[in-house]
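*Asks:*
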Amino acid sequence: MLKHLAIITVGAAVLLVSAAFHPSPALASFRVCNDSGEKVSVAIAYFGTDADGWTTEGWWNLADGDCATPISGDLDNRYYYLYGDGDKHTWTGDYSNCVDPDTSFTLHHADSDCSFAKKSFFKVDTGTTSTSFTYTFK
Numbered sequence: 020m021l022k023h024l025a026i027i028t029v030g031a032a033v034l035l036v037s038a039a040f041h042p043s044p045a046l047a048s049f050r051v052c053n054d055s056g057e058k059v060s061v062a063i064a065y066f067g068t069d070a071d072g073w074t075t076e077g078w079w080n081l082a083d084g085d086c087a088t089p090i091s092g093d094l095d096n097r098y099y100y101l102y103g104d105g106d107k108h109t110w111t112g113d114y115s116n117c118v119d120p121d122t123s124f125t126l127h128h129a130d131s132d133c134s135f136a137k138k139s140f141f142k143v144d145t146g147t148t149s150t151s152f153t154y155t156f157k
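For what it's worth, the working numbering labels the leading residue of the sequence shown as 20, then goes sequentially.
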């Protein structure tokens, strides 16, 4: 019985040490977080090679302190574009893209083909080698 307990203890120790030296890989993504003190609805725009042009997606409705992941997986682009519409503030920029103001959406060719509304997005630089990135609305 004592020998059996010793084998189990050694086995557990080996598994623990093995897990410590082989951590699971980090998941790559583009995340948005809200630290603005208000509720923010977020849309994202990016150049999607699969869609042959610009794509916009939205809405992620973030309460203060919440985060969301609009893009899962390794990031293909250095630059992504965000638009945020809050209770008190609007986060905009110089890059016009199409959004559906009334419902969740994914729109392809959003820089040129728009039957909804145009919003001004701001540019986010994720860095040249980033596979994941988090932007926080403040």
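Even glycine gets a Cβ: it sits at the ideal position worked out from N, Cα and C.
Predicted model, so just to flag it, every value in this text is computed and none were measured.
Do Thr-88 and His-127 have their C-beta atoms within less than 8 Å of each other?
*Replies:* Your numbering for residue 88 matches position 69 in the sequence shown. Your numbering for residue 127 matches position 108 in the sequence shown. No. Outside cutoff.
*Asks:* Identify every run of the beta strand (DSSP E) within the segment 53 to 130, keeping only runs that are complete inside it and at least 3 residues long; order them along the chain.
*Replies:* List check, beta strand (DSSP E) in window: 59 to 67, 72 to 81, 86 to 91, 98 to 105, 114 to 118 and 124 to 127.
*Asks:* Under 8 Å between the Cβ atoms of Lys-157 and Ser-55?
*Replies:* Against the sequence shown, residue 157 aligns to sequence position 138. Against the sequence shown, residue 55 aligns to sequence position 36. Yes.
*Asks:* Run the CB neighbour count on Tyr-102, radius 10 Å, all protein chains shown included, and call it buried at 16 or more, exposed below.
*Replies:* Position 83 of the sequence shown, counting from 1, holds the residue named residue 102. The residue is buried, with at least 16 neighbouring Cβ atoms inside 10 Å.
*Asks:* Considering only the beta carbon of each residue, do Asp-106 and Glu-57 sit closer than 8 Å?
*Replies:* Counting from 1 along the sequence shown, the entry for residue 106 is found at position 87. Counting from 1 along the sequence shown, the entry for residue 57 is found at position 38. Yes.
*Asks:* As a quick exercise: from Asp-132, Asn-53, Phe-135 and Gly-77, pick the residue whose alpha carbon is nearest that of Tyr-100.
*Replies:* As a first step, residue 100 is located in the sequence shown; it is residue number 81 there, counting from the start. Looking at the Cα atoms, Gly-77 is the closest of the given residues.
*Asks:* Could you check the C-alpha separation between Asn-96 and Leu-81 for me, to the nearest Å?
*Replies:* Against the sequence shown, residue 96 aligns to sequence position 77. Against the sequence shown, residue 81 aligns to sequence position 62. When rounded, the distance between both Cα atoms is 24 Å.
*Asks:* For Asp-144, which residues of its own chain have a beta-carbon under 8 Å away from its beta-carbon, when the five flanking residues on both sides are left out?
*Replies:* Counted from its first residue, the sequence shown places residue 144 at position 125. Closer than 8 Å at Cβ, skipping near neighbours: Arg-97 and Tyr-98.
*Asks:* Mind checking which residues open and close the beta strand (DSSP E) that includes Ser-139?
*Replies:* In the sequence shown, residue 139 corresponds to position 120, counting from 1. From DSSP, the beta strand (DSSP E) with Ser-139 extends over 136 to 144.
*Asks:* Could you say which of Thr-155, Val-61, Gly-112 and Asp-83 lies nearest to Thr-122 if we only look at CA atoms?
*Replies:* By one-based count along the sequence shown, residue 122 stands at place 103. Comparing Cα positions, the closest option is Val-61.
*Asks:* Leaving out five residues before and five after Pro-44 in sequence, what residues of the same chain have Cβ atoms less than 7 Å from its Cβ?
*Replies:* Residue numbering aside, residue 44 sits at position 25 when the sequence shown is read from its first letter. Any reading at Pro-44 must be qualified, since the residue scores a pLDDT of 42, below 50, and its modelled position is unreliable; the value itself is stated next. Excluding positions up to five away in sequence, the list is empty.
*Asks:* Pick helix, strand or coil for Ser-48, following the three-state DSSP scheme.
*Replies:* As a working mapping, residue 48 is identified with position 29 in the sequence shown. It is a strand residue.
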